[in-house]
Structure formats: structure tokens, C-alpha cells
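*Asks:*
Structural data, given as C-alpha cells:
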């Protein structure tokens with residue numbers, strides 16, 4: 084059986100790829116502002132990964148939940164970036180230059196800039212989501228009985 088973070092990392096990556104291809108179908112893939120919905124896909128997948136890890140291992144520690152959440156996001160980031168590398172190098176070679184032109188940037192290594200920014204955004208989204216969700220899932224240190 085796959086570890087929790089492998090399973091949810093793959094699920095998140097598949098949902099990101101499906102969302103991108105859906106946007107491509109309608110010609111909306113060139114608008115970077117619509118990538119905000121990637122955060123919802125990341126967040127939902129990471130949330131479910133943490134919940135599943137808690138359910139499967141009731142004696143969990145904070146570090147275990149952190150690892151399950153972050154590794155889910157990291158695996159999804161790596162898979163999605165690999166897909167986008169193949170897409171930008173093999174399928175749509177002008178995609179990166181069109182995006183960078185819209186940003187007002189002109190680099191000779193446009194695809195590499197896009198891939199690097201995808202990795203940074205994916206990892207940072209993973210960290211922010213995990214830190215946010217861990218506030219909800221961590222065990223309280225407050226006493227349960229009144230003194």
C-alpha cells in the first residue's frame with residue numbers, strides 16, 4: 084500500500100494536470116491569475132492527507148502530520164513540474180514566452196524560469212497550507228481538568 088503522502092501527492096498532481104488541461108481546452112491557460120485555484124487543489128489534497136494520516140495512526144505526533152502534509156505537496160509539485168516541462172518543451176513551445184511577455188519579462192531561458200517559479204510556488208504553497216492546517220490538527224497542551 085502506498086504511504087499516505089505518496090497517494091495524496093499523486094492525487095493532487097493528477098488534479099492539477101486535469102485542471103490545467105481543462106483550462107487549456109477553453110484557452111484560459113495563458114492567464115496566470117487563474118492559477119490561484121491551484122492553491123485550492125493543493126490545500127484540499129493536503130488537508131485530506133493530514134486527516135487520513137490522523138485516522139490511520141491515532142498515536143500520531145505533530146512531526147508525522149507535518150511530514151504527511153508537506154510530502155504530499157512536494158510530490159505533487161515535482162510531478163506537476165515534470166508534466167509542465169514536457170508540455171512546454173515538447174507540446175507548446177511558445178507557452179512560456181507568451182506568459183513571460185505578459186509579465187513584462189524577457190529571458191532567453193523562459194521555460195526554465197517558468198519551471199523554477201512553479202517549484203517555488205508549489206513548495207511555498209505546501210508549507211503555508213501545512214502550517215495553517217497544523218493549527219487545527221495539533222493536540223492541545225491546555226489542561227482538560229479545571230485546577
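In the working numbering, the protein residues as written are 84 to 230. Beta carbons are placed, not taken as given, at the ideal position from N, Cα and C, and that holds for glycine.
1) Check whether the Cβ of residue 171 sits closer than 6 Å to any heavy atom of the ligand SAH, and report yes or no.
2) Kindly give me the distance between the Cβ atoms of residue 163 and residue 96, rounded to whole angstroms, as I take these residues to be in contact under 8 Å.
3) Beta carbon of residue 216, beta carbon of residue 130: below 7 Å?
4) Three or more C-beta pairs under 8 Å: does that hold for the region 130 to 150 against the region 165 to 182?
5) Quick check on residue 86: does DSSP put it in helix, strand or coil?
6) Can you look up residue 216 in the DSSP assignment and give me helix, strand or coil?
7) Verify whether the separation of the beta carbon atoms of residue 160 and residue 106 is less than 7 Å.
8) Three-state secondary structure (DSSP) at residue 109?
9) Nearest-angstrom Cα distance between residue 225 and residue 93?
10) Between residue 153 and residue 209, what straight-line distance do the alpha-carbon atoms span, to the nearest angstrom?
11) For residue 111, which residues in the same chain have their Cβ closer than 8 Å to its Cβ, ignoring the five residues on either side in sequence?
*Replies:* On the basis of the coordinates in this document:
1) As far as ligands go, the structure on display features none, and thus does not contain the ligand SAH.
2) 5 Å
3) yes
4) no
5) coil
6) helix
7) no
8) coil
9) 37 Å
10) 6 Å
11) 117
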